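End of the sequence shown sits at 382 in the numbering used here; the numbers just go up one at a time, nothing left out.
Note that the Cβ used here is the ideal one computed from N, Cα and C, for glycine as well.
Values in this document were obtained by computation on a predicted structure and should not be read as measured data.
Read through the structure below, which is laid out as structure tokens, and then see the notes.
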Amino acid sequence: MTTLSDKLRVLDPDYYTPERVKPFEATIDRIQELKHARNAVVLAHNYQRAEIFEVADYLGDSLGLSLKAAEVKDADVIVFCGVHFMAETAKIVNPDKIVLLPNLAAGCSLADTATGPTVAARAAELRKTYPDLQVVTYVNTTAEVKAQSDACCTSSNAVTVVRALESKHILFIPDQNLARHVALHVPDKTIIAWDGYCYVHHQITPESVLAMRRQIPGIKVLVHPECRDDVVALADAALSTSGMVDYAKASDGTDFLAVTECGLSDLLQISVPDKHFYRACKICRFMKAISLDDVEQALLNMRFQIEVDEPDRSRARMALERMFELTGETRDNLTLPGNVANE
Ligand code: SF4
């Protein structure tokens, strides 16, 4: 039988030493009991620490987790292991539930580049020249920014959302690299990019990808569209995090390079253990803020509760619903941890 220690050691034997992993087992047991006592579910993003996957009821990317959060009916509490804007999204789509973010340091420097008032001001200014302008916000934004937008999008559906909107002029917020990716695929529209970028993806260079291609001929390169365009240009496929998991499972290839946050390389290696995943990844300090101890304390003390006030909540919800309307998304892309552990 594969133990937790065996599983984690495959990812990083230097970090996941037996001494470090041993206390995880007792904490995981206590968390499972607390989940039951609080009638809670745990939603975890693909970039979380690998030990968090052990207590997650659902893993996924931003889109999958938003959909799942909307569908939580029987549980009273949603523990969100991701970053602050994702927990806000869970509260927006399911306001009757208690939503807990286990560590308030789990913010996002990309989301922080835009605020409600700055987006409203920029959109008003641009509408003087382009009266048909619509605002599309990546889900990596705060609730007050989503409230200023006509539609939300994720990295997996950004192209579909922009293509489906009737407007020719789009203010795309906040990621300039994803905006460029959209512009490339929707050339008949003018995409005006916000000046933000994800510090994690932006620091990955073409050189690191090319070096790996030289080292492992035939390697499949999977790149997240938040990367710079000169890195995306080197990809076999530019995909969201869940898209990468699906691609690796379905592909005939055996060697992959996941160019994104390091947590996804861990998830890929756990999900598809018979293939090799090399890394040109960087660690997001925000995504790694939540520990198992934080999850336990969140459930013990019912902290930190996320609230989104009106009218931002209703307006942000409309922008999210518009995304679902435009894309016809379903929750089929969710990854169930049970499948991950068994495959
Ligand atoms: S990887 Fe980290 S900084 Fe980048 S968008 Fe995600 S949460 Fe924000």
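**Prompt:** Taking C-beta to C-beta, are residue 172 and residue 210 nearer than 8 Å?
**Reply:** A contact, by the Cβ cut-off of 8 Å.
**Item:** Per-residue burial, residue 84 [other beta carbons within 10 Å of its own, 16 or more giving buried]
**Value:** The residue in question, residue 84, is buried, as its Cβ has 16 or more Cβ neighbours within 10 Å.
**Request:** Over the uninterrupted beta strand (DSSP E) stretch that includes residue 343, give me the two end residues.
**Result:** For residue 343, no beta strand (DSSP E) encloses it, and the DSSP letter there is neither H nor E.
**Asked** Three or more beta-carbon pairs under 8 Å between the region 256-270 and the region 232-240, yes or no?
**Response** With the cut-off at 8 Å, the region 256-270 and the region 232-240 touch.
**Item:** Cβ-heavy atom distance, residue 237 to ligand 1, below 7 Å
**Value:** Remark: the C-beta of residue 237 is in contact range of ligand 1, defined as less than 7 Å to any heavy atom.
**Request:** Consult DSSP for residue 389 and reduce its assignment to one of helix, strand or coil.
**Result:** The structure shown does not extend to residue 389, since the chain spans only 40 to 382, so no value can be given for it.
**Asked** Would a C-beta distance cut-off of 8 Å place residue 296 and residue 283 closer than the cut-off?
**Response** The answer is no: Cβ separation not under 8 Å.
**Supposed contact pair residue 153 and residue 128 - C-beta distance, whole angstroms, cut 8 Å** = Rounded to whole angstroms, the Cβ separation of residue 128 and residue 153 is 15 Å, and the two are not in contact under 8 Å.
**Message:** Following a CB-centred definition, is residue 98 positioned closer than 7 Å to any heavy atom of ligand 1?
**Reply:** Not so, every heavy atom of ligand 1 lies at least 7 Å from the Cβ.
**Prompt:** Leaving out the 5 sequence neighbours to the left and right, which residues in its chain are closer than 7 Å to residue 14 when beta-carbon positions are compared?
**Reply:** As shown, the chain starts at 40 and ends at 382. That puts residue 14 outside it, with no answer to give.
**Request:** Leaving aside the five residues before and after residue 187 along the sequence, list all residues of the same chain whose C-beta is less than 8 Å from its C-beta, in chain order.
**Result:** Counting only Cβ-Cβ distances below 8 Å, and skipping sequence neighbours, we find 155, 158, 159, 162, 174, 176, 354.
**Request:** Identify every residue that forms a DSSP beta bridge with residue 385.
**Result:** The question about residue 385 has no answer here: the residues shown for the chain are numbered 40 through 382.
**Item:** Assigned secondary structure, residue 371 (DSSP; H/G/I helix, E/B strand, else coil)
**Value:** Only weak support exists for where residue 371 lies, its pLDDT of 43 falling under 50; the coordinates are left without a value.
**Request:** For residue 4, count neighbouring Cβ atoms within 10 angstroms of its own Cβ and tell me buried if that reaches 16, exposed if not.
**Result:** Only positions 40 to 382 of the chain appear in the structure, and residue 4 is not among them; the question remains open.
**Asked** Do you know how far the Cα of residue 185 is from the Cα of residue 92?
**Response** When rounded, the separation of the alpha-carbon atoms in residue 92 and residue 185 is 28 Å.
**Request:** Could you tell me which of 236, 225, 232, 272 sits nearest to residue 246, measuring between CA atoms?
**Result:** Ranking the options by Cα distance to residue 246, first place goes to 272.
**CA-to-CA distance, residue 281 to residue 305, given in whole angstroms** = Near 13 Å, if we compare the C-alpha coordinates of residue 281 and residue 305.
**Any non-hydrogen atom of ligand 1 within 7 Å of residue 306 CB** = For ligand 1, not one heavy atom lies less than 7 Å from the Cβ of residue 306.
**Asked** Is the region 114-129 touching the region 337-350, taking contact as three or more C-beta pairs under 8 Å?
**Response** Yes, since at least three Cβ pairs between the region 114-129 and the region 337-350 fall closer than 8 Å, the two stretches touch.
**Request:** Rank 250, 133, 104, 47 by C-alpha distance to the C-alpha of residue 270 and give the top, closest one.
**Result:** The shortest CA-to-CA distance from residue 270 to any of 250, 133, 104, 47 is the one to 250.
**Request:** Assign residue 382 to one of three DSSP states: helix, strand, or coil.
**Result:** Bear in mind that the predicted position of residue 382 carries a pLDDT of just 18, short of 50, making it too unreliable to give a figure here.
**Request:** Can you grab the Cα-Cα spacing for the pair residue 137 / residue 194, in whole Å?
**Result:** Rounded to whole angstroms, the separation of the alpha carbons of residue 194 and residue 137 is 27 Å.
**Asked** CB of residue 1 to nearest heavy atom of ligand 1: below 7 Å?
**Response** This structure does not reach residue 1, given that the chain is present from 40 up to 382, and the question cannot be answered.
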